[in-house]
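Below is one structure, written out as structure tokens, with a few remarks after it.
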Amino acid sequence: SQQGEEDPQALSIQEGENATMNCSYKTSINNLQWYRQNSGRGLVHLILIRSNEREKHSGRLRVTLDTSKKSSSLLITASRAADTASYFCATEETGSARQLTFGSGTQLTVLP
Amino acid sequence: KAGVTQTPRYLIKTRGQQVTLSCSPISGHRSVSWYQQTPGQGLQFLFEYFSETQRNKGNFPGRFSGRQFSNSRSEMNVSTLELGDSALYLCASSSPGQNLKNTEAFFGQGTRLTVV
Numbered sequence: 015s016q017q018g019e020e021d022p023q024a025l026s027i028q029e030g031e032n033a034t035m036n037c038s039y040k041t042s043i044n045n046l047q048w049y050r051q052n053s054g055r056g057l058v059h060l061i062l063i064r065s066n067e068r069e070k071h072s073g074r075l076r077v078t079l080d081t082s083k084k085s086s087s088l089l090i091t092a093s094r095a096a097d098t099a100s101y102f103c104a105t106e107e108t109g110s111a112r113q114l115t116f117g118s119g120t121q122l123t124v125l126p
Numbered sequence: 005k006a007g008v009t010q011t012p013r014y015l016i017k018t019r020g021q022q023v024t025l026s027c028s029p030i031s032g033h034r035s036v037s038w039y040q041q042t043p044g045q046g047l048q049f050l051f052e053y054f055s056e057t058q059r060n061k062g063n064f065p066g067r068f069s070g071r072q073f074s075n076s077r078s079e080m081n082v083s084t085l086e087l088g089d090s091a092l093y094l095c096a097s098s099s100p101g102q103n104l105k106n107t108e109a110f111f112g113q114g115t116r117l118t119v120v
């Protein structure tokens, strides 16, 4: 079963704008991870944030985690057409090491 | 370093047949996980192998099975195929630290299985 929902389900923005995606989950977690998937291909790992961390940056990506609200957000700054993809959050639940539970995904389209 | 390799990339099978999918993890990675992705159910965890032992199992029927070899390569088998088994099957490898958690997973390109 899926851990939770991602919001929005689809997002369309212009190149150069920022994109924000949100993820909610239901249980206690070890960490939360974000992945990108291009057109039904393999998943590319973007960033991992541990349950005791609140914010993490990687290049143009910024991830926040609020364990009290069981939610996370992914911000992509200065988006590019190449960022067009589906983005998934995944949680490693406490007691289920190395087993990821994925959200439903956000389809991001960046228009040139 | 070579990435995770899944073979074959595409497969068409008939209902009732069985299929075996293969996954070669990144060199040195001892954990291999399998996921099923469908439009209706999304990404769902099948099972995880670590050092040749199944450590975690998702909520799938016994028709879905797997194994891991001493070189960490893994195979997944689905018997008595059903139309609903049509999906993208993704394999991921990771190199857990001492506490075996909090490790990123590296995914292969997947095997697209179509059951007709």
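Listed in order, the protein sequences are those of chains A and B. When the first sequence is numbered by the numbering used here, its final residue is 126 and no position is left out of the sequence of numbers. When the second sequence is numbered by the numbering used here, its final residue is 120 and no position is left out of the sequence of numbers. Think of the CB as a built atom: it goes at the ideal place given N, C-alpha and C, for glycine as much as any other residue.
Can you name, in chain order, every residue of its own chain whose Cβ lies under 6 Å from the Cβ of residue i, other than the five neighbours on each side?
| i | result |
| --- | --- |
| residue 64 of chain B | 50 |
| residue 35 of chain B | 54, 98 and 100 |
Report whether the distance from the Cβ of residue i to the nearest heavy atom of the ligand FMN is below 6 Å.
| i | result |
| --- | --- |
| residue 83 of chain B | Looking for the ligand FMN in the displayed structure turns up nothing, as the structure carries no ligands at all. |
Who are the Cβ neighbours of residue i in its own chain at under 7 Å, not counting the five residues just before and after it?
| i | result |
| --- | --- |
| residue 70 of chain A | 61, 63 and 77 |
Can you check whether the C-beta of residue i is within less than 7 Å of a C-beta belonging to chain B?
| i | result |
| --- | --- |
| residue 44 of chain A | yes |
| residue 118 of chain A | yes |
| residue 132 of chain A | Lying before the first or after the last residue shown, residue 132 of chain A is absent from chain A, which here runs from 15 to 126. |
| residue 121 of chain A | no |
| residue 94 of chain A | no |
| residue 113 of chain A | yes |
Between which two residues does the beta strand (DSSP E) carrying residue i extend?
| i | result |
| --- | --- |
| residue 23 of chain A | It is not in any beta strand (DSSP E) - residue 23 of chain A carries neither H nor E in the DSSP assignment. |
| residue 99 of chain A | 99 to 107 |
Report yes if the C-beta distance between residue i and residue j is below 7 Å; otherwise report no.
| i | j | result |
| --- | --- | --- |
| residue 5 of chain A | residue 107 of chain A | Residue 5 of chain A falls outside the range modelled here, since chain A spans only 15 to 126, and no answer is possible. |
| residue 87 of chain B | residue 114 of chain B | no |
| residue 118 of chain A | residue 46 of chain B | yes |
| residue 86 of chain A | residue 79 of chain A | yes |
| residue 14 of chain B | residue 116 of chain B | yes |
| residue 20 of chain A | residue 98 of chain A | no |
| residue 88 of chain A | residue 48 of chain A | yes |
| residue 95 of chain A | residue 58 of chain A | no |
| residue 111 of chain B | residue 94 of chain B | yes |
Would you please verify whether the beta carbon of residue i is less than 7 Å from any beta carbon of chain A?
| i | result |
| --- | --- |
| residue 76 of chain B | no |
| residue 50 of chain B | no |
| residue 44 of chain B | no |
Tell me which residues share the same chain as residue i and place their Cβ nearer than 8 Å to its Cβ, disregarding the 5 neighbours each side in the sequence.
| i | result |
| --- | --- |
| residue 20 of chain B | 84 and 85 |
Chain A contacts from the region 9 to 30 of chain B (Cβ-Cβ distance under 9 Å) = Those residues of the region 9 to 30 of chain B that come within reach of chain A (Cβ to Cβ, closer than 9 Å) are 10.
key: Interface positions of the region 46 to 75 of chain A facing chain B (Cβ-Cβ less than 7 Å), listed along the chain   = Hits within the stretch, in order: 47, 54, 55, 56, 57, 59, 62 and 64.
ask   = Listed in chain order, which residues of the region 55 to 73 of chain B have Cβ atoms closer than 8 Å to some Cβ of chain A?
value = 59, 60, 62 and 63
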